[in-house]
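Counted from 1, the sequence shown has number 198 at position 194 by the numbering used here; the numbering is strictly sequential.
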Amino acid sequence: MNTLENLISLLSRLPGVGKKSASRMAYSFLKGDEEYNLKLGQSIMELKQRIHKCHICGNFTENDICDICAATDRDITFLCVVEESQDVQMIESTGDFKGFYHVLHGVLSPLDGVGPTELGFDKLVDRIDHSSVKELILATNPTLEGDSTALYIRHILKDHDLVITRIASGLPVGGDMEYADKMSISRALKGRMKFSSDDE
Ligand SMILES: [Zn+2]
5 MNTLENLISL LSRLPGVGKK SASRMAYSFL KGDEEYNLKL GQSIMELKQR IHKCHICGNF
65 TENDICDICA ATDRDITFLC VVEESQDVQM IESTGDFKGF YHVLHGVLSP LDGVGPTELG
125 FDKLVDRIDH SSVKELILAT NPTLEGDSTA LYIRHILKDH DLVITRIASG LPVGGDMEYA
185 DKMSISRALK GRMKFSSDDE
């Protein structure tokens, strides 16, 4: 594999990038400005060196604690569980939520070897035990895995004195929060429903 083929193969592994787009990008790098290529390469390299997970919520940050966890004007009684850091950005962009977040960085997926340990559920429970959270909003995506993850979290917290809610289906079923628009997310948040079950 030559240099160009290698780059095309690497680019086509990115989400949403097919072989054709990867090839278009690679040729554009080849014909384009070398300084731009260097800057791009540099920022990809720095990404992992500079950005890590917030010690409290798991959101990506350049500091020990992210800006949201460090904020003093947010409501500590609300905690919103999301799958990915991008979901935090999406919810923040609506301006409707003033509580805190917990980023799982994934969903339960036994076939891929992702279980409660991998998602750090003990950390979530520990966080709830040591905080003043009154409402836990489960904002995992309305997919099969997102729903199972929400159900599992509800199960492990069933004995906690806590209102557990699930975001409404304002999001398209099987949809990904990443692709939903602000309005849908805002509606999903506002229309959240009690998720605590009596039969458990
Ligand atoms: Zn944080």
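Glycine included, every Cβ here is placed at the ideal spot set by N, Cα and C. Note that the coordinates shown come from a computational prediction; the quantities given were computed from them, not determined experimentally.
Exercise for review: Look at the alpha carbon of Leu148 and the alpha carbon of Ala30, and state the distance between them as a whole number of angstroms.
Suggested key: Translated into the one-based positions of the sequence shown, residue 148 becomes position 144. Translated into the one-based positions of the sequence shown, residue 30 becomes position 26. For Leu148 and Ala30, the distance between alpha carbons rounds to 36 Å.
Check your understanding: Start and end of the beta strand (DSSP E) containing Ile72?
Key -> Here residue 72 is taken as the residue at index 68 of the sequence shown, counted from 1. Premise fails: Ile72 lies in the alpha helix (DSSP H), Asp71 to Ala74, not in any beta strand (DSSP E).
Check your understanding: Can you tell me whether Glu204 is buried or exposed, with buried defined as 16 or more other CB within 10 angstroms of its CB?
Key -> Taking the sequence shown and counting its residues from 1, one reaches residue 204 at position 200. With a pLDDT of 49 at Glu204, under the threshold of 50, the modelled position of that residue is not reliable, and no figure is offered here.
Exercise for review: Provide the residue span of the alpha helix (DSSP H) that contains Phe125, from first to last.
Suggested key: Counted from its first residue, the sequence shown places residue 125 at position 121. Per DSSP, Phe125 belongs to the alpha helix (DSSP H) from Phe125 to Asp133.
Practice item. Kindly examine ligand 1 and report whether one of its heavy atoms sits closer than 6 Å to the Cβ of Cys70. Key: For the purposes of this step, residue 70 is identified with residue 66 of the sequence shown, where counting begins at 1. Yes, the Cβ of Cys70 comes within 6 Å of a heavy atom of ligand 1.
Check your understanding: Can you name the residues that DSSP bridges to Val21?
Key -> Counting from 1 along the sequence shown, the entry for residue 21 is found at position 17. Its beta-bridge partners do not exist; DSSP assigns none.
Point to revise | ligand 1 heavy atom lying under 6 Å from the CB of Asn6 | key: As a working mapping, residue 6 is identified with position 2 in the sequence shown. Asn6 Cβ: outside cutoff for every heavy atom of ligand 1.
Practice item. Could you say if the segment 103 to 123 and the segment 45 to 64 meet the contact criterion of at least three C-beta pairs nearer than 8 Å? Key: yes
Review point. By Cβ distance below 8 Å, which residues in the same chain neighbour Leu123 in space, the five residues on each side in sequence not counted?
Key: On the sequence shown, residue 123 is found 119 positions in, with the first residue counted as 1. Correct list, in chain order: Leu108, His109, Gly110, Val111, Leu112 and Thr153.
Check your understanding: Is there contact here, the segment 185 to 193 with the segment 91 to 101, by at least three beta-carbon pairs under 8 Å?
Key -> yes
Review point. Among residues of its own chain, excluding the 5 on either side of Lys23, which ones have a beta-carbon nearer than 6 Å to its beta-carbon?
Key: Start at 1 with the first residue of the sequence shown, and residue 23 comes out as number 19. Cβ within range, chain order: Ser16.
Check your understanding: When DSSP labels each residue in this structure, what does Leu140 get in the three-state scheme?
Key -> The count along the sequence shown starts at 1 and reaches residue 140 at position 136. Leu140 sits in a strand when the DSSP states are folded into three classes.
Exercise for review: Check whether the Cβ of Cys84 lies closer than 6 Å to any heavy atom of ligand 1, and answer yes or no.
Suggested key: Sequence index remark: in the sequence shown, residue 84 carries index 80 (1-based). Checking every heavy atom of ligand 1 against the Cβ of Cys84, none is found closer than 6 Å.
Practice item. Report back the beta-carbon spacing between Thr169 and Ile141 to the nearest angstrom; my notes put them in contact at under 8 Å. Key: Here residue 169 is taken as the residue at index 165 of the sequence shown, counted from 1. Here residue 141 is taken as the residue at index 137 of the sequence shown, counted from 1. At roughly 5 Å, the Cβ-Cβ gap stays under 8 Å, so Thr169 and Ile141 are in contact.
Practice item. Tell me whether Glu87 is buried or exposed, calling it buried when 16 or more other Cβ atoms sit within 10 Å of its Cβ. Key: Locating residue 87 in the sequence shown gives position 83, counting from the first residue. Buried, by the Cβ-count rule.
Review point. Going by DSSP, which residues form a beta bridge with Leu83?
Key: Against the sequence shown, residue 83 aligns to sequence position 79. Looking at the DSSP assignment, Leu83 forms a beta bridge with Phe104 and Leu140.
Point to revise | Simplified DSSP state of His159, which is helix, strand or coil | key: Residue 159 sits at position 155 when you count from the first residue of the sequence shown. Reduced to three states, the DSSP call for His159 is helix.
Review point. So what does DSSP say about Phe64, is it helix, strand or coil?
Key: Working through the sequence shown from its first residue, we reach residue 64 at position 60. Phe64: strand per DSSP, three-state reduction.
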